[in-house]
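Student:
In my numbering, the protein residues as written are 7 to 359.
1) Among 171, 55 and 263, whose alpha-carbon lies nearest the alpha-carbon of residue 77?
2) Using a 10 Å radius around the Cβ and a threshold of 16 neighbouring Cβ atoms, would you call residue 225 buried or exposed?
3) In the structure shown, what three-state DSSP assignment does residue 130 receive?
4) Could you please give the first and the last residue of the uninterrupted beta strand (DSSP E) stretch that includes residue 175?
5) Let me confirm a value: residue 303 is counted as buried when at least 16 other C-beta atoms fall within 10 Å, else exposed. Which label applies?
6) Using a threshold of 8 Å, state whether the C-beta atoms of residue 144 and residue 178 are closer than that.
7) Please name the residue in 55, 75, 60 and 112 whose C-alpha comes closest to that of residue 266.
8) What are the boundary residues of the beta strand (DSSP E) that residue 235 is part of?
9) Is the distance from the Cβ of residue 241 to the Cβ of residue 259 below 8 Å?
10) Are the CB atoms of residue 130 and residue 216 within a distance shorter than 8 Å?
11) From residue 351 to residue 186, what distance separates their C-alpha atoms?
12) Measure the beta-carbon distance from residue 221 to residue 313 and round it to whole angstroms, keeping in mind my assumption that it falls under 8 Å.
13) Residues bridged to residue 185 by DSSP?
14) Within a Cβ cutoff of 6 Å, which residues of the same chain sit near residue 108, ignoring the five residues on either side of it in sequence?
This is the structure we're talking about:
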């Protein structure tokens, strides 16, 4: 099945890259590029309907198991990189009606035979300046042999059609885009609790839309991030065999600790966290962590994922946000909220209509 094989593939790739580099992604803000979109790149209110990542959880009660989960993660070593580092390698593009359309075709083992992905061939907009995660262009080394190109994500928001297109393990092949996984989100749809389907993955292992939880530099510059933030942990620090809502899937978590954080868990920064030593832009992120929290979405090393600023007007450097900006925030500064019952992981995707 797609999820089982994908989890194994990711584990092999991440292990190889971590062994060579100490982390799985670039944590340095990318060099600015003049090819940023003419309109500000922002994931403000990306979905027009209620969604779990847009829920205000600032007043939610702390979960009964919060202290046990926080203690377990701390005992296992905390964040994957030791500190709450930021990965700036995820590109989020915004297309308008003038963007050229390209065809997406499946790789030889598309979706690993599973039902999780959307049907291909299909068409999607591709802005002229588009590139894949970790690559300077639309070509990406999906073998993982090239540093930083192990996942090869591409995220495109179609502003006119209100669609979000997310590709996993993709690259340009002639006039087409070839993808291991292709996922389309309707930004006007009211998704059920099981999102695209229970036991179904997406371009993110937990089954979430990556772009909806990825802050952009333009968004932070506006003064508000109105959604939860994506975060990841090493597989051996996440509870094996289960996930909790709003996740609909898990990758390859393998911790046998009963109190290890499960996929989909929501961490909220404590209300009494002292933010006085942080800059104005850093406090925008801190405010989001207090109001919306962060959702455990994937396995890896670098905890936080922010958008590559080559796609935005503002740049992280001018905002004073670096990979180390939030290193002082320890695991025990968070608490767990809205912890629902654990769902046994079967990898048997049942898609919603």
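Yeah, the Cβ is synthetic: ideal placement off N, Cα and C, and Gly gets one too.
Tutor: In short:
1) Here residue 77 is taken as the residue at index 71 of the chain shown, counted from 1. Nearest of 171, 55 and 263 to residue 77, Cα basis: 263.
2) One-based indexing of the chain shown puts residue 225 at position 219. It is buried - the Cβ of residue 225 has at least 16 other Cβ atoms within 10 Å.
3) For the purposes of this step, residue 130 is taken as residue 124 along the chain shown, with counting starting at 1. Here residue 130 sits in strand by DSSP.
4) Position 169 of the chain shown holds residue 175. Counting along the chain, the beta strand (DSSP E) containing residue 175 begins and ends at 169 to 179.
5) Counting from one through the chain shown, the residue named residue 303 turns up at place 297. Result: buried.
6) As a working note, residue 144 is residue 138 in the chain shown. As a working note, residue 178 is residue 172 in the chain shown. Contact: yes.
7) Taking the chain shown and counting its residues from 1, one reaches residue 266 at position 260. The shortest Cα separation from residue 266 among 55, 75, 60 and 112 belongs to 75.
8) In the chain shown, counting from the first residue as 1, residue 235 sits at position 229. Where residue 235 is concerned, the enclosing beta strand (DSSP E) stretches over 235 to 239.
9) Counted from its first residue, the chain shown places residue 241 at position 235. Counted from its first residue, the chain shown places residue 259 at position 253. Cβ distance < 8 Å, so residue 241 and residue 259 count as in contact.
10) Counted from its first residue, the chain shown places residue 216 at position 210. Counted from its first residue, the chain shown places residue 130 at position 124. Contact flag unset, no.
11) Against the chain shown, residue 351 aligns to sequence position 345. Against the chain shown, residue 186 aligns to sequence position 180. Spanning the two alpha carbons is a distance of roughly 22 Å.
12) Residue numbering aside, residue 221 sits at position 215 when the chain shown is read from its first letter. Residue numbering aside, residue 313 sits at position 307 when the chain shown is read from its first letter. At roughly 7 Å, the Cβ-Cβ gap stays under 8 Å, so residue 221 and residue 313 are in contact.
13) Counted from its first residue, the chain shown places residue 185 at position 179. Answer by DSSP bridge pairing, in chain order: 112 and 176.
14) Translated into the one-based positions of the chain shown, residue 108 becomes position 102. Around residue 108: 132 and 183.
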